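All remarks here apply to the structure that follows.
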Ligand SMILES: NC(=O)c1ccc[n+]([C@@H]2O[C@H](COP(=O)([O-])OP(=O)(O)OC[C@H]3O[C@@H](n4cnc5c(N)ncnc54)[C@H](O)[C@@H]3O)[C@@H](O)[C@H]2O)c1
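Residue numbers (my numbering): 6 to 266.
Structure (structure tokens):
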């Protein structure tokens, strides 16, 4: 059994850096033609250089997923180049917050605009193409915050809980067209979004204590899951919310097991 994305056309939003960059790379290594959407030109230029060096078939498109017109023209450009869209990964995301009593309206909107509305707009643009093809895979980035939220994360966690609900509605609407729609929740993958790698040592130990596998996640851990979900092998999985957190709080005190080894 092999994951094979040969000749599939994939879009990865937020593919300029972090987890999305590695998802795009992994799909290319599995044979897909990959279009990266990001709104930071320096990240796109950097990705373009990597892709040209590796000889992968890819396209880098500057668009902001918060804006319907930019989403529409990005998807049109990608469809014009490749003739189809088989896989959509909605990875683009932001995270900011404060306790509810101090939470600015702008912060609430910023999280919802990118994480939730951006996912909606991308799905709305791509779904008609996938319906016509009668095949498609949509993968939406939720977050462990949409399983167990932390204090101060009301805006981010709520925007990601909304992604989980939205994913299930989309799965229902697209089921008759053989288009599957799932979401996935990384736990703690050190990136520039969260800067876990820069935390003081005692804080790092406390965070690692929450994980059954007691190590940070890597972008590759997430990308490998997504390569499977994007493939033909995952044809009977839809409407699911998949935890990719290394077993965060799988038990109440995961670190106890390490004290008893
Ligand atoms: N890193 C983690 O531990 C973790 C945990 C749970 C969920 N997630 C989710 O995974 C996704 C990726 O996270 P990451 O840590 O790689 O973040 P990151 O900040 O490193 O990367 C996010 C990318 O999205 C792009 N982006 C942001 N807003 C955009 C917009 N409006 N339009 C287009 N592109 C935009 C950024 O330019 C960047 O390239 C996010 O949705 C995040 O919420 C991450």
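Beta carbons are placed, not taken as given, at the ideal position from N, Cα and C, and that holds for glycine.
In this text, all values refer to a predicted model and were calculated from it rather than measured experimentally.
Contact test: residue i Cβ vs ligand 1 heavy atom, cutoff 6 Å
i, result
"residue 253", "no"
"residue 213", "no"
"residue 44", "yes"
"residue 196", "yes"
"residue 154", "no"
"residue 247", "no"
"residue 80", "no"
Exposure of residue i, with buried meaning 16 or more beta-carbon neighbours within 10 Å
i, result
"residue 35", "buried"
"residue 250", "buried"
"residue 202", "exposed"
"residue 153", "exposed"
"residue 266", "exposed"
Pairwise C-alpha distance: residue j and residue i
i, j, result
"residue 139", "residue 91", "10 Å"
"residue 125", "residue 170", "11 Å"
"residue 56", "residue 46", "15 Å"
"residue 262", "residue 214", "10 Å"
"residue 22", "residue 256", "32 Å"
"residue 241", "residue 179", "13 Å"
"residue 225", "residue 111", "33 Å"
"residue 31", "residue 232", "7 Å"
"residue 63", "residue 11", "13 Å"
Whole-number beta carbon distance between residue j and residue i, since they are thought to touch under 8 Å
i, j, result
"residue 33", "residue 20", "Between residue 20 and residue 33 the Cβ distance is about 10 Å, and since that is not below 8 Å, they are no contact."
"residue 164", "residue 95", "Actually they are not in contact, since the Cβ atoms of residue 164 and residue 95 sit about 12 Å apart, beyond 8 Å."
"residue 222", "residue 191", "6 Å"
"residue 136", "residue 71", "Contact flag wrong, Cβ pair sits at about 24 Å."
Residue i Cβ short of 6 Å to ligand 3 heavy atom set
i, result
"residue 148", "Judged by which ligands are present, ligand 3 is missing from the structure shown, whose ligands are ligand 1."
request  = Enumerate, from N- to C-terminal direction, the unbroken alpha helix (DSSP H) stretches of 4 or more residues contained entirely within the stretch 66 to 144.
outcome  = 73 to 87, 110 to 116, 123 to 138
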